[in-house]
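A.B. asks: Before anything else, here's the structure in question.
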Amino acid sequence: MGAGQRPRRAGFAAGWVLAFAGAAMAQAPEPPVLQWNAAAGATQRRLFEESATGERLLAERGVMGRVELGASFAPANGPAFAAEAGWAAGRLDYDGQTQTGAPLQTASRHHDADLTLLWRPGPAGSWGEAWLLLQGARQHRDIESIGRVTGLVETSWLLMPGLRWRGPAEAARGWRLWPQVEARVSAYHRLEVDFNGLFDDARLDGGRRWALALGVDAQAPDAAWRLALRWTRARQVVSQTRTLYRNGAPVGTVRQPRLGYDDLTLTLRRDF
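Residue numbers (mature numbering (1 follows the signal peptide of the UniProt record, and there is no 0)): -26 to -1, 1 to 246.
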């Protein structure tokens, strides 16, 4: 074997190696994409309680600040996973009545925290994306005492499975728009009530809750930020009735009336 043939054969072999490597890279799927996002904004909340006959018992209105953090793990083809966390807090005007029916105006402090886990079983299609979700939520509502009227503190713990549809991007005057629809229903709801010493604390099964959320994300050309607008309507049936105690002695019953709230949230969001 001549020395002059070795470089030629070596180059031929190297060419095959590069060709096989290129083919393998071309056939290999794209690596999964891990993406983070953060958002901050405000929520306008309108909350009410009503009796079994539909009589309005109270109304609360006000603005809550909100921050969000999310992550998604989405391969090019196949299932995708995501997680979202949100925190909101604010002081709302409270317009209601006492147990005797006298008008009562005070304030309530709201602190919300939620964690949502999402799974997209298959790749996105031309019609958009379908996600299964499970949301855990804690809602803390502190109605302030005023005068001789003692306030109370309610804390709700919820697990709410649901569905989310996210539409494909649409163009509108240079902007990109993503519509979104989400529906959830509570599978678990635990309610804790602190009467600020007037009665013993109470724990009861909260009423079933339904929630519908409509939204749209909007992004300007070449912008790193997106505007996200969400409208959420939640309705909840009457809770379980439990015996009310004072110092261990029964003094009556307690339950949470029918409740509902409408939230309008605007946030500024950025992906990383």
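Virtual Cβ for every residue (Gly too), placed ideally from N, Cα, C.
#1: Would you report the Cα separation of Gly148 and Pro195, rounded to the nearest angstrom?
#2: Opposite Gly70 in the DSSP bridges: which residues?
#3: Leu242: beta carbon under 7 Å from a heavy atom of the ligand NAP?
#4: Compare the C-beta of Arg216 with all C-beta atoms of chain B and state if any pair is closer than 8 Å.
#5: Rounded C-beta distance between Val212 and Pro231? I'm assuming under 8 Å.
#6: Counting C-beta neighbours from all protein chains within 10 Å, is the total for Gln210 16 or more, i.e. buried, or is it exposed?
#7: To test your reading of the DSSP string, which unbroken alpha helix (DSSP H) runs of 4 or more residues are found completely within the region 109 to 175?
#8: Determine the closest residue to Tyr219 out of Gly125, Arg30, Asp88, Asp168, with distance taken between C-alpha atoms.
#9: Rounded to whole angstroms, what is the Cα-Cα separation between Val190 and Ala198?
#10: Could you check which residue in Val123, Leu240, Arg204 has the C-alpha nearest to that of Ala76?
#11: For residue 311, which residues does DSSP report across the bridge?
#12: Thinking C-alpha only, which one of Val7, Gln9, Ala63, Thr17 is nearest Thr241?
#13: Using three-state DSSP, classify Phe47 as helix, strand or coil.
#14: Which residues mark the beginning and the end of the beta strand (DSSP E) in which Glu29 is found?
#15: Look at Ala45 and Trp10 and say whether their C-beta atoms are less than 8 Å apart.
#16: Could you tell me the distance, in whole angstroms, from the CA atom of Thr227 to the CA atom of Thr215?
C.D. replies: With the given structure in hand:
#1: Here the question's residue 148 lines up with position 174 in the sequence shown. Here the question's residue 195 lines up with position 221 in the sequence shown. The straight-line gap from Cα to Cα measures roughly 6 Å.
#2: The sequence position of residue 70 within the sequence shown is 96, counting from 1. Per DSSP, the beta-bridge partners of Gly70 are Leu78.
#3: No copy of the ligand NAP appears in this structure; indeed no ligand is present at all.
#4: Protein chains in the displayed structure number just one, and chain B is not present.
#5: The residue you call residue 212 lines up with position 238 of the sequence shown. The residue you call residue 231 lines up with position 257 of the sequence shown. So it is a contact: roughly 6 Å between Cβ atoms.
#6: For the purposes of this step, residue 210 is taken as the residue at position 236 of the sequence shown. Its Cβ being crowded by 16 or more others within 10 Å, Gln210 is buried.
#7: DSSP runs (the alpha helix (DSSP H)) wholly in the region 109 to 175: none.
#8: Walking along the sequence shown from the start, residue 219 turns up at place 245. Nearest C-alpha to Tyr219: Asp168.
#9: Position 216 of the sequence shown holds residue 190. Position 224 of the sequence shown holds residue 198. The straight-line gap from Cα to Cα measures roughly 17 Å.
#10: In the sequence shown, counting from the first residue as 1, residue 76 sits at position 102. Among Val123, Leu240, Arg204, the Cα nearest to that of Ala76 belongs to Val123.
#11: The shown model of the chain, from -26 to 246, leaves out residue 311, and the question about it has no answer.
#12: On the sequence shown, residue 241 is found 267 positions in, with the first residue counted as 1. The shortest Cα separation from Thr241 among Val7, Gln9, Ala63, Thr17 belongs to Thr17.
#13: Walking along the sequence shown from the start, residue 47 turns up at place 73. DSSP places Phe47 in strand when its eight states are reduced to three.
#14: Residue mapping note: residue 29 aligns to position 55 of the sequence shown, counting from 1. From DSSP, Glu29 is part of no beta strand (DSSP E); its letter is neither H nor E.
#15: One-based indexing of the sequence shown puts residue 45 at position 71. One-based indexing of the sequence shown puts residue 10 at position 36. Closer than 8 Å, so yes.
#16: On the sequence shown, residue 227 is found 253 positions in, with the first residue counted as 1. On the sequence shown, residue 215 is found 241 positions in, with the first residue counted as 1. Straight-line measurement puts the Cα of Thr215 at about 7 Å from the Cα of Thr227.
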